[in-house]
Amino acid sequence: MKSTKTLDLCLIALFTAVITVVSQFNIPLPGGVPMTLQTFIIPVAGIVLGSRRGFFSALSYVILGSIGVPVFTGLSGGLGSILGVTGGFIISFPFIALSAGLFYEMAVKLSGEREGTGKIIIYYALILSGILIGNILNYGIGVLWFMTMTHNTLGAALAACVIPFIPTTLLKNVLILILGPALRHTLYQARLIGTANAA
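Here this note's numbering is used: the first residue of the sequence shown is 922, the next is one more, and so on.
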């Protein structure tokens, strides 16, 4: 039991570090919301680590940044990052990981009860559902926060925070759908994680 908890903490810490590194790759945009890879790596963390560990990995990232550790985009940190116009997107990160992880676990369980083509369809449909719900949470919380901080209309917020990101979001979703389960399987074979649907 003790070794399992130690491994859990190590995996959570590892992915918190990975999220930090990946977060530094960004493209600044005129609306004030940069295009980042955070919304790629965080759902991957949820799938690979499971809902519980993925949630705590993303939560650790948010907490570290909130207390001033320079883990956010551009090696920034502090409450100013949370209270800024992009704070809502940051706050949504743990829930993105949770959604991806929960639906992955559901996909493994329910697809295991089927055979043939139906098994594959259910498996990927559920994983994609978790990713899409994460998108909704990310954009929903992010847009509401952006509107509150900038006093912009919904239309202006969507133009700044959602519309420019739709093509890359779709691309990231496809990559998450492919790479997330593959990486989880790799770590499972290496015996770094437990059963395929462990949380």
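In this text, a Cβ means the ideal position worked out from N, Cα and C, and glycines have one as well.
{"Check": "Residue range of the alpha helix (DSSP H) that includes Phe961", "Outcome": "Gln959 to Leu970"}
{"Check": "Where Ile1114 sits in the DSSP three-state scheme", "Outcome": "coil"}
{"Check": "Endpoints, alpha helix (DSSP H) assigned at Asn1056", "Outcome": "Thr1038 to Thr1071"}
{"Check": "Three-way DSSP call (helix, strand, coil) for Ile1206 in this model", "Outcome": "Residue 1206 is absent from the structure shown; the chain starts at 922 and stops at 1120."}
{"Check": "Ser944 (DSSP reduced to helix, strand or coil)", "Outcome": "coil"}
{"Check": "With 16 other Cβ atoms within 10 Å as the buried cut-off, status of Gly1009", "Outcome": "buried"}
{"Check": "Distance, Gly1061 Cα to His1106 Cα", "Outcome": "31 Å"}
{"Check": "For Met956, the residue or residues it bridges with in DSSP", "Outcome": "Ile948"}
{"Check": "Val992 versus Tyr1045: straight-line alpha-carbon distance, rounded", "Outcome": "32 Å"}
{"Check": "Rounded separation between Phe976 and Ala938 - CA only", "Outcome": "14 Å"}
{"Check": "Nearest candidate by alpha-carbon position, reference Tyr1025, set Lys926, Leu932 and Leu1104", "Outcome": "Leu1104"}
{"Check": "Residue range of the alpha helix (DSSP H) that includes Phe1024", "Outcome": "Gly1008 to Ser1032"}
{"Check": "Beta carbon of Ile1012 nearer than 9 Å to that of Val983", "Outcome": "yes"}
{"Check": "Residue span of the alpha helix (DSSP H) that contains Ile1003, given as start and end", "Outcome": "Leu1000 to Leu1004"}
{"Check": "Nearest residue (CA-CA) to Gln1110, options Val969, Leu930 and Val942", "Outcome": "Val969"}
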